[in-house]
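Asker: The structure's right below; bear with me while I get my questions together.
Protein chains: 2
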Amino acid sequence: MTFTLSPTKAVQAIKPSYIREILAATHQAGMISLAGGLPNESAFPMEIIEQSMQEIKSDRTIFQYGSTQGYPPLLNYVREQYVVREQDDAMIGTGSQQCLDLIARGFIAPGDHIVMEAPSYLGALQIFELAQANIHSIGENESLTGPDLTQLENTFKQNDVKFFYAVPDFHNPTGICWSLEVRKAVASLCKQYEVFFIEDVPYRDLRFKNEPIAPVSDFYENCFVLRSFSKIATPGLRLGSVIGNKTLINTLVKIKQTSDLHSSIPMQALLLKLLTHENFPKHIENIKQKYQTHHDAMLNAINEHLSEYAEAKSVDGGMFLWVALKHVKAADVETVARTLLKANVAVVPSNVFYPSDFALEDQQVGFRLNFTHASVEKIEQAIGIIKVELAKLAA
Amino acid sequence: MTFTLSPTKAVQAIKPSYIREILAATHQAGMISLAGGLPNESAFPMEIIEQSMQEIKSDRTIFQYGSTQGYPPLLNYVREQYVVREQDDAMIGTGSQQCLDLIARGFIAPGDHIVMEAPSYLGALQIFELAQANIHSIGENESLTGPDLTQLENTFKQNDVKFFYAVPDFHNPTGICWSLEVRKAVASLCKQYEVFFIEDVPYRDLRFKNEPIAPVSDFYENCFVLRSFSKIATPGLRLGSVIGNKTLINTLVKIKQTSDLHSSIPMQALLLKLLTHENFPKHIENIKQKYQTHHDAMLNAINEHLSEYAEAKSVDGGMFLWVALKHVKAADVETVARTLLKANVAVVPSNVFYPSDFALEDQQVGFRLNFTHASVEKIEQAIGIIKVELAKLAA
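Which chain is which? The protein sequence lines are P and Z, in order. For any residue, its number in the working numbering is found by taking its place in the first sequence, counting from 1, and adding 15. For any residue, its number in the working numbering is found by taking its place in the second sequence, counting from 1, and adding 15.
Shown next as structure tokens:
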């Protein structure tokens, strides 16, 4: 006879998420998915991968247990590329997702105050909810160049905030890129109120328009910087990195040792081969060019077909367009997404990007559309279907 | 100016471990390490690995994001091989270490009562300490065929115990294999007191003597079974599995999604190729034979050279011999290990395998010696060095 084993309170709080339903549905025949944050498989650097797999396959040492902090040659590469302050160090994790989870496990006690943007990356939201953090959400400023600084300062003033987590480059889900002024102002506020900044930059290298803007961590030292290799190399490897003060990185290494000993060593060796391959810069150029083409096609189709019902702004990089819906209420956006799903188009409705207690009337209402994964043809087809469905709903 | 970020109380409780110092020292030139639980690289199935890497290297799909529960073909293989009850399912994790950590995160609240063997696997001990569990330790019975059942029943009686975690096959660190009677009795006690059993079987397939004994989970349904592929395939892949009731596996999948999305897909595809390769059974036979040779050589050397100071019992499989020291006190065993380390032999002293509050006078005093990693020649050399050092200490 089986008996019940109850999950802890923190785990019970993880809601059954509609995004899981959507992502499960994306595998159905005929479905066009603009839902996931997936890079385009046809743009994977297969030639470089095959050559690199060939080069590592006989190296016995990478199949043995390895170092928790990371495969030393990869770790050194990451240090050389990204560690700018002497007091900082790096760690490799199973995706930047794991790096953020380890930060939460290491430093967030139940009830600790955390600030996030709203809407915000769902994976981060889940990590902070699992850590039972007290989550404060900051909306965007009116010019859409970053978070509302007045609201941010008030939140810092009124609470003993431990972390501000943000995605300044091509924000997920809105695609917004923070201006230089906003970055400096956020650094200055974090300094003033002694708030630790977590800068998540998975899309930073996917800029296809205009010049890069210095990261917030250039102006402020109390930072963790999270990098993903999923977007520039491939996601299946599951590798990311975190950079921060040495003492804090040591704490993360201790927890990582307890949680999985280390991440796959052959995958770390493969990643290093990719990153240092002479054709890798060309690969990055290729995907940026491809993604710009997709972006332009999607934006044109939205402007042409959806202008009556929705609005989207051009982005300078990343993977997402945010489609604001004109006549839909926050309470109904999930239903609209379900309707589209029945018509074989998967999109992510805005409500899932907000914490569960975030007031409906303050939510931006819309969809997040991924433009990197589906082909241009499918993207155009999907926008056509969305038009038909939105027209039916408006009728 | 940097400011301090304090780790949570649970993380602060992770002690700086002497075993980390030892493992770091094992890379020094001239060091013979009998410390880590490392398989022998020279016995890695490189031919099968190379062939399999060749076969997967052009498969674009495995480099995309994948399923949290596991790469479906590997998951199906694991289900077919190991899932015996209809209500059960499996999940793939980044090592069985991650699977156990997810169980702790999913189901153990601070203060929950957990029972372990003493001495016990250090990695599990760290997980339960990080989960802030209330850890009860059960010693071995006098015939060394498993835990002391009277002590176990008393602990079950006196506390609302949630989990009993154990390594019944070739226990780490003692090498003991539970008898069939003990297994049935443990199943029956767990049933009677409604205690969930976590059966960790990383060494089960490494039996080189006598017949396999049915696992505890054959006699009891409220179990998680943890399997490692590090010992039979290779550790660098970092893959393990957990089997348990479907509802509970679903909970683990939810937490895993938050903690790292999924484990490396190319590594899961590679593992499946290895496990299903026609020469894999031959590889398993090879390593078992090799490890028996190592085991016999180490045991003979101990009997020949150390009988004045120590005693070790033959084991039927696994990776470790437990060397009980005759004239050393529990308080001194770490110092003895440090002395050996200076003489270029790394061993793990008994004290690290006990929870921090376990009474010294109740600890078995000795070393855990790994016989799989070093060559027979090095093993014999190491035992010679240990003899010299123990003789000096006894003088």
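Where is the CB? At the ideal position from N, CA and C, for every residue including glycine.
#1: Nearest-angstrom Cα distance between K303(P) and E56(P)?
#2: What three-state label does DSSP hand F211(P) in the structure shown?
#3: Less than 6 Å between C-beta atoms, sequence neighbours within five positions excluded: which residues of the same chain meet that for I5(Z)?
#4: Using the DSSP secondary-structure output, state which residues sit across from L336(Z) in a beta bridge.
#5: Mind listing the chain Z neighbours of T387(P)? Cutoff is C-beta to C-beta under 9 Å, in chain order.
#6: Taking the alpha-carbon positions, what's the K297(Z) to K305(Z) distance?
#7: Quick check: the Cα distance between L355(Z) and E196(P), rounded to an integer number of angstroms?
#8: Throw me the rounded Cβ distance for the F7(Z) and S152(Z) pair, which I believe falls under 8 Å.
#9: Taking contact to mean 3 or more Cβ pairs, one atom from each stretch, closer than 8 Å, check whether the region 357 to 367 of chain Z and the region 116 to 130 of chain Z are in contact.
#10: Go ahead and pull the three-state DSSP assignment for I310(Z).
#11: List the whole-angstrom C-beta distance separating A124(P) from T23(Z), where the pair is believed to meet the contact cut-off of C-beta under 8 Å.
#12: For a cutoff of 8 Å on Cβ pairs, would you count G126(Z) as touching chain P?
#13: Tell me which residues of the region 219 to 232 of chain P have at least one Cβ-Cβ distance to chain Z shorter than 7 Å, keeping chain order.
#14: Going by C-alpha to C-alpha distance, which of Q396(P), T109(P), D103(P) and L384(P) sits closest to H277(Z)?
#15: Can you tell which of P87(P), T266(P), V26(P) and G333(P) has the C-alpha that lies nearest to the C-alpha of S243(P)?
#16: For F122(Z), go through chain P and note every residue whose CB falls closer than 9 Å to its CB, in chain order.
#17: Under 8 Å between C-beta atoms, does Q141(Z) make it to chain P?
#18: Examine chain P for any beta-carbon lying closer than 8 Å to the beta-carbon of P281(Z), and answer yes or no.
#19: When we look at the beta-carbon of R253(P) and count the other beta-carbons within 10 Å, is it buried (16 or more) or exposed?
#20: Between G121(P) and L263(P), what straight-line distance do the alpha-carbon atoms span, to the nearest angstrom?
#21: Express the C-alpha separation of Y218(P) and E326(P) in angstroms, rounding to a whole number.
#22: Can you confirm whether M61(Z), when its beta carbon is compared against all beta carbons of chain P, has any partner nearer than 8 Å?
#23: Kindly indicate which three-state DSSP category Y180(P) falls into: helix, strand or coil?
#24: Less than 6 Å between C-beta atoms, sequence neighbours within five positions excluded: which residues of the same chain meet that for I280(Z)?
#25: Rounded to whole angstroms, how far is the Cβ of T160(Z) from the Cβ of S194(Z), which I believe are closer than 8 Å?
#26: Do we get a CB-CB distance below 8 Å when we pair Y324(Z) with the residues of chain P?
#27: Could you check where the beta strand (DSSP E) with E226(Z) kicks off and where it finishes?
#28: Per DSSP, what kind of secondary structure is A124(Z) in: helix, strand or coil?
#29: In chain Z, which residues lie with their C-beta within 9 Å of the C-beta of E56(P)?
#30: In this structure, does DSSP put I258(Z) in helix, strand or coil?
#31: Around the Cβ of L375(Z), are there at least 16 other Cβ atoms within 10 angstroms (buried) or fewer (exposed)?
#32: Please compile the residues from chain P whose C-beta is within a distance smaller than 9 Å of the C-beta of I213(Z).
#33: How far does the alpha helix (DSSP H) with M450(Z) in it reach, from first residue to last?
#34: Along the beta strand (DSSP E) that carries I398(P), what are the first and last residues, could you check?
#35: Listing by chain order, which chain Z residues have their CB less than 8 Å from the CB of I64(P)?
#36: Check the C-beta distance from K402(Z) over to L321(Z) and give it rounded, since I have them as a contact under 8 Å.
Answerer: Considering the structure as presented:
#1: Here residue 303(P) is taken as the residue at index 288 of the first sequence, counted from 1. Here residue 56(P) is taken as the residue at index 41 of the first sequence, counted from 1. So the alpha carbons of these two residues sit roughly 14 Å apart.
#2: The residue given as residue 211(P) occupies position 196 in the first sequence. Reduced to three states, the DSSP call for F211(P) is strand.
#3: Since the displayed chain Z opens at 16 and closes at 410, residue 5(Z) lies outside it and no answer follows.
#4: Counting from one through the second sequence, the residue named residue 336(Z) turns up at place 321. According to DSSP, which records beta bridges pairwise, L336(Z) is partnered with L384(Z).
#5: In the first sequence, counting from the first residue as 1, residue 387(P) sits at position 372. Neighbours of T387(P) on chain Z: none; closest Cβ ~12 Å, over 9 Å.
#6: Locating residue 297(Z) in the second sequence gives position 282, where the first residue counts as 1. Locating residue 305(Z) in the second sequence gives position 290, where the first residue counts as 1. K297(Z) and K305(Z) have their C-alpha atoms spaced approximately 12 Å apart.
#7: Taking the first residue of the second sequence as position 1, residue 355(Z) is located at position 340. Taking the first residue of the first sequence as position 1, residue 196(P) is located at position 181. L355(Z) and E196(P): Cα-Cα distance of roughly 60 Å.
#8: A question about residue 7(Z) goes unanswered here, because the residues of chain Z that appear run from 16 up to 410.
#9: No, the region 357 to 367 of chain Z is not in contact with the region 116 to 130 of chain Z.
#10: The residue you call residue 310(Z) lines up with position 295 of the second sequence. Looking at the sequence itself, residue 310(Z) is His, so the reference to Ile does not match. It is helical.
#11: Mapped onto the first sequence, residue 124(P) falls at position 109. Mapped onto the second sequence, residue 23(Z) falls at position 8. Approximately 5 Å separates the beta-carbon atoms of A124(P) and T23(Z); this is inside 8 Å, confirming the contact.
#12: Against the second sequence, residue 126(Z) aligns to sequence position 111. For G126(Z), no CB of chain P lies under 8 Å from its own CB, so it is not counted at the interface with that chain.
#13: From the region 219 to 232 of chain P, no residue has a Cβ closer than 7 Å to chain Z.
#14: Taking the first residue of the second sequence as 1, we reach residue 277(Z) at position 262. The candidate whose alpha carbon is nearest that of H277(Z) is T109(P).
#15: In the first sequence, counting from the first residue as 1, residue 243(P) sits at position 228. Ranking the options by Cα distance to S243(P), first place goes to G333(P).
#16: Here residue 122(Z) corresponds to residue number 107 of the second sequence, with the count starting at 1. Those are L20, S21, P22, T23 and V26, listed as they occur along chain P.
#17: One-based indexing of the second sequence puts residue 141(Z) at position 126. Yes, Q141(Z) lies at the interface with chain P (some Cβ there is under 8 Å from its Cβ).
#18: Residue mapping note: residue 281(Z) aligns to position 266 of the second sequence, counting from 1. At least one CB atom of chain P sits nearer than 8 Å to the CB of P281(Z).
#19: The residue you call residue 253(P) lines up with position 238 of the first sequence. The C-beta of R253(P) has 16 or more other C-beta atoms within 10 Å across all chains shown, which makes the residue buried.
#20: Taking the first sequence and counting its residues from 1, one reaches residue 121(P) at position 106. Taking the first sequence and counting its residues from 1, one reaches residue 263(P) at position 248. Straight-line spacing of the CA atoms in G121(P) and L263(P) works out to 9 Å.
#21: Along the first sequence, read from residue 1 onward, the residue named residue 326(P) stands at position 311. Along the first sequence, read from residue 1 onward, the residue named residue 218(P) stands at position 203. Pairing E326(P) with Y218(P), the inter-Cα distance amounts to about 23 Å.
#22: By one-based count along the second sequence, residue 61(Z) stands at place 46. Yes, contact with chain P.
#23: Numbered from its first residue, the first sequence carries residue 180(P) at position 165. For Y180(P), the secondary structure class from DSSP, reduced to helix, strand or coil, is strand.
#24: The residue you call residue 280(Z) lines up with position 265 of the second sequence. Within the same chain, I280(Z) has close Cβ partners I77, G81 and Y86.
#25: For the purposes of this step, residue 160(Z) is taken as the residue at position 145 of the second sequence. For the purposes of this step, residue 194(Z) is taken as the residue at position 179 of the second sequence. The beta-carbon separation of T160(Z) and S194(Z), rounded to 4 Å, stays under the 8 Å limit for a contact.
#26: Taking the second sequence and counting its residues from 1, the one referred to as residue 324(Z) is at position 309. Taking Cβ atoms only, chain P never reaches closer than 8 Å to Y324(Z), which makes this a no.
#27: The residue labelled residue 226(Z) in the question sits at position 211 within the second sequence. For E226(Z), no beta strand (DSSP E) segment is defined, and its DSSP state is neither H nor E.
#28: In the second sequence, counting from the first residue as 1, residue 124(Z) sits at position 109. Residue state, collapsed to three classes: coil.
#29: Mapped onto the first sequence, residue 56(P) falls at position 41. Within 9 Å Cβ-Cβ: R75, T76, F78 and Q79.
#30: As a first step, residue 258(Z) is located in the second sequence; it is residue number 243 there, counting from the start. In this structure, I258(Z) counts as strand in the three-state DSSP scheme.
#31: Numbered from its first residue, the second sequence carries residue 375(Z) at position 360. Classification of L375(Z): exposed, given that the 10 Å Cβ count is below 16.
#32: One-based indexing of the second sequence puts residue 213(Z) at position 198. Within chain P, not a single residue places a beta-carbon under 9 Å from that of I213(Z); the smallest gap is close to 11 Å.
#33: Outside the shown range of chain Z (16 to 410) lies residue 450(Z), about which nothing can therefore be said.
#34: Along the first sequence, read from residue 1 onward, the residue named residue 398(P) stands at position 383. Boundaries for I398(P): no beta strand (DSSP E) harbours it, while the alpha helix (DSSP H) harbouring it runs V391 to A409, taken from the DSSP string.
#35: For this step, residue 64(P) is matched to residue 49 along the first sequence. Neighbours of I64(P) on chain Z, chain order: K72 and F78.
#36: On the second sequence, position 387 is the one that residue 402(Z) refers to. On the second sequence, position 306 is the one that residue 321(Z) refers to. Contact holds; Cβ gap of about 6 Å.
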